[in-house]
Ligand code: UD1
């Protein structure tokens, strides 16, 4: 297993290109299952999660070709049982359920196992499929959805923690080929849902309202092939903004959609950074003094839970007392114990982290526990005194394309060591 060594204390300067969005690309690739014709998807990031999704699609019978960020998928004949060995490695595999159900009227995947960021149910996805007329059976660790026919319906996807992103994607992908009109209420409003809806509409679907809480889908008989470029990864972009904030210096992110990052820009400005945006770039630089802030991760357009760990790393060395809550995944605070190993002064009060800023973190061997927590540890290492050793870095490779090379190009000193 690779390790990452981060030599702390080097400022970041320069510019970096942001990759295509992982969370957009995953359901978009799965959506290619909805047609027999080829789909061409560009700006697909080179990540292990994407690799898993392409492997699942191949196992389901798709012809998959990939060349420098462009993936072509032809799903002429498909089978409807997703392979357990790969599905268990990535929770997002669950988003093949919707398109398989839409096209073949049945699908089986293994239930996502316990996940390190809390137990992550798929009850809302299944509630949506049932409303469309599918029977759901859970047997021997698998979930099977089966429908003689799919009929449009009005469905609320509101759960205890708000809506569901992949659940909205899944129901939308099943409903595009259902008979009649489907209304999804309390839909997730994330830009990745909009990107998927745009791709489905290019394939001939009739979807309106994506990006709002009510999505209306007029079912069609069939879909055709289409070409699509995935939107920029707003979480990778946010992570680089926080990296620059932590390390100091002036960094410009290129190929971003600044509008998608409003909820990340605001708290960064409040905590003492200047952010300048153009149509497709963002530049961050220090703005004098830094201040403690209060943050609550919420569904989009709120502050993203996927940026919560990275902000905790920044606030650990920001003077004053910051308070961070996660209302989407209340248990998502595994990074706190690791940051404390680096000297951070953080107490957990239920699902709230109370962070007493200190002047500098100290390097320590730490363990990456999930994707965003591992990014937070790399960022913490950028400012820490000494060399931070991060183990289990396969987590970071799930969601960040060459993060070490990109940070090094900005002036960081990060080594990847083969164990
Ligand atoms: C997606 C993102 C993930 C992000 C999350 C929240 C992908 C591949 N992953 O995950 O990076 O952190 O959105 O922005 O896009 N829930 C239920 N029942 C369900 C489904 C979800 O109770 O059936 C709960 C979850 O436990 C969680 C909340 O709803 O508390 C939001 O989860 P959800 O939006 O579904 O996350 P994902 O779509 O899995």
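In my numbering, the protein residues as written are 4 to 422. Here a beta-carbon is modelled for each residue, glycine too, at the ideal position from N, C-alpha and C. Remember, it's a predicted structure, so these values are computed and weren't measured experimentally.
At least 7 Å separates the beta-carbon of residue 161 from that of residue 414.
According to the DSSP assignment, residue 303 belongs to no alpha helix (DSSP H), since it is labelled neither H nor E.
With contacts defined as CB atoms closer than 7 Å, residue 417 and residue 9 qualify as a contacting pair. For residue 80, the secondary structure class from DSSP, reduced to helix, strand or coil, is coil. Between residue 256 and residue 285, the CB-CB gap stays under 7 Å. About 5 Å separates the Cβ atoms of residue 306 and residue 266, confirming a contact at the 8 Å cut-off. Per DSSP, the unbroken beta strand (DSSP E) holding residue 159 starts and ends at 157-159.
Annotated three-state conformation of residue 42 is strand, per DSSP. Scanning the segment 89-146 for uninterrupted alpha helix (DSSP H) segments of 4 residues or longer gives 100-107, 126-134, listed from N- to C-terminal end. Taking 7 Å as the cut-off, the beta carbon of residue 339 is found closer than this to the beta carbon of residue 356. In this structure, the CA atom of residue 406 is about 25 Å from the CA atom of residue 327. When 187, 110, 408, 261 are compared, the shortest CA-CA separation from residue 138 is found for 110.
Residue pairing by DSSP places residue 256 opposite 19, 285 in a beta bridge. Uninterrupted beta strand (DSSP E) stretches at least 3 residues long and entirely within the segment 152-229 occur at 157-159, 184-188, 209-211, 217-221, given in chain order. The beta carbon of residue 238 sits closer than 6 Å to the beta carbons of 309 from its chain, once the five residues preceding and following it are set aside; these are given in chain order.
Taking C-beta separations shorter than 6 Å and ignoring five residues to either side along the sequence, the partners of residue 145 in its chain run 111, 113, following chain order. In the structure shown, the three-state DSSP call for residue 394 is strand. The ligand UD1 has a heavy atom closer than 6 Å to the beta-carbon of residue 125. Using a Cβ distance threshold of 7 Å, residue 56 and residue 37 do not count as a contacting pair. Rounded to the nearest whole angstrom, the CA to CA distance from residue 322 to residue 49 is 37 Å.
For residue 368, the secondary structure class from DSSP, reduced to helix, strand or coil, is strand. Judged by DSSP in its simplified three-state form, residue 50 adopts coil rather than helix or strand.
Excluding the 5 residues flanking it on each side, residue 252 has same chain C-beta neighbours closer than 6 Å at 14, 15, 16, in chain order. Checking the DSSP bridge columns, you'll see residue 277 partnered with 288. In the three-state scheme derived from DSSP, where H, G and I count as helix and E and B as strand, residue 58 is classed as helix. Short of 6 Å from the beta carbon of residue 186, and not among the five residues preceding or following it, lie these beta carbons of its own chain, in chain order: 157, 219. In terms of side-chain proximity, the C-beta atom of residue 50 is found no nearer than 6 Å to any non-hydrogen atom of the ligand UD1. Residue 213 places its beta carbon less than 7 Å from that of residue 200. Secondary structure at residue 373: coil, using DSSP grouped into helix, strand and coil. Taking 7 Å as the cut-off, the beta carbon of residue 131 is found no closer than this to the beta carbon of residue 150. Between the ligand UD1 and residue 196, a heavy atom-to-CB distance of less than 6 Å is absent.
Within the DSSP bridge table, the entry for residue 235 names 23 as partners. Residue 5 sits away from residue 401, with the two beta carbons spaced by 7 Å or more. Secondary structure note for residue 351: its beta strand (DSSP E) is the uninterrupted segment 348-352.
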